[in-house]
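> One structure follows; several queries about it will come next.
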Amino acid sequence: SVRDAGYRTLSMPTICTGGIGIPIQFVAVAAVQSIYRDFCEHPSDPMRLRICCFESSHLQMLRAVKDEVFDNFYRAEVTEDLMSLLQRSQRERPEDTREDASSDDDEAMALE
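Here this note's numbering is used: the first residue of the sequence shown is 687, the next is one more, and so on.
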């Protein structure tokens with residue numbers, strides 16, 4: 687892990703949202719949930735996470751998930767409930783409204 691290697695900062699792309707087609711919602715929840723758990727385990731030694739987005743909708747989703755988790759910071763079940771809600775919405779969403787995994791939008795943005 688990053689922490690075990692002695693680092694306290696991590697930069698990562700919204701990996702797997704392009705060619706593999708994993709919905710940004712799942713990537714956002716996983717990233718925010720991971721940093722939330724790490725902070726709860728090491729509150730006096732926080733990590734800094736920078737997520738690089740290549741589509742503006744990814745940045746919006748990451749900010750929404752981050753805000754939801756931070757607004758409910760002391761209620762850990764909210765993070766778990768958010769993941770369940772996203773899984774349900776993904777199953778119920780019609781195929782033609784899912785994000786286009788072949789988007790050529792190469793605009794890079796960072797979430798801090």
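From the three backbone atoms N, C-alpha and C, an ideal C-beta is built for every residue, glycine too.
Mark E741 as exposed unless 16 or more other C-beta atoms lie within 10 angstroms of its C-beta, in which case mark it buried.
Result: buried.
> Can you have a look at H744 and say buried or exposed, based on whether 16 or more other CB atoms are within 10 angstroms of its CB?
Buried.
> Hey, Q711 and M747 are a contact pair by Cβ (cut 8 Å); roughly how many whole angstroms apart?
Indeed they touch by this definition, with Cβ atoms about 6 Å apart.
> By Cβ distance below 6 Å, which residues in the same chain neighbour V688 in space, the five residues on each side in sequence not counted?
Closer than 6 Å at Cβ, skipping near neighbours: L696.
> Quick check: L735 and A750, are their CB atoms within less than 9 Å of each other?
Contact: no.
> Take I721 and list the residues in its own chain whose beta-carbon comes closer than 7 Å to its own, dropping the five residues that flank it on each side.
Only M733 and L735 meet the Cβ criterion.
> Within a Cβ cutoff of 7 Å, which residues of the same chain sit near C702, ignoring the five residues on either side of it in sequence?
The answer, listed in chain order, is I708 and V713.
> Under 9 Å between the Cβ atoms of T700 and C738?
Yes, Cβ-Cβ distance for T700 and C738 is below 9 Å.
> What runs of the alpha helix (DSSP H), each 4 residues or longer, lie entirely inside the segment 696-771?
For the segment 696-771, whole alpha helix (DSSP H) runs of length 4 or above, ordered along the chain, are 710-727 and 742-757.
> Given a cut-off of 9 Å, decide if D731 and R694 are closer than it, judged by their beta-carbon atoms.
Yes, Cβ-Cβ distance for R694 and D731 is below 9 Å.
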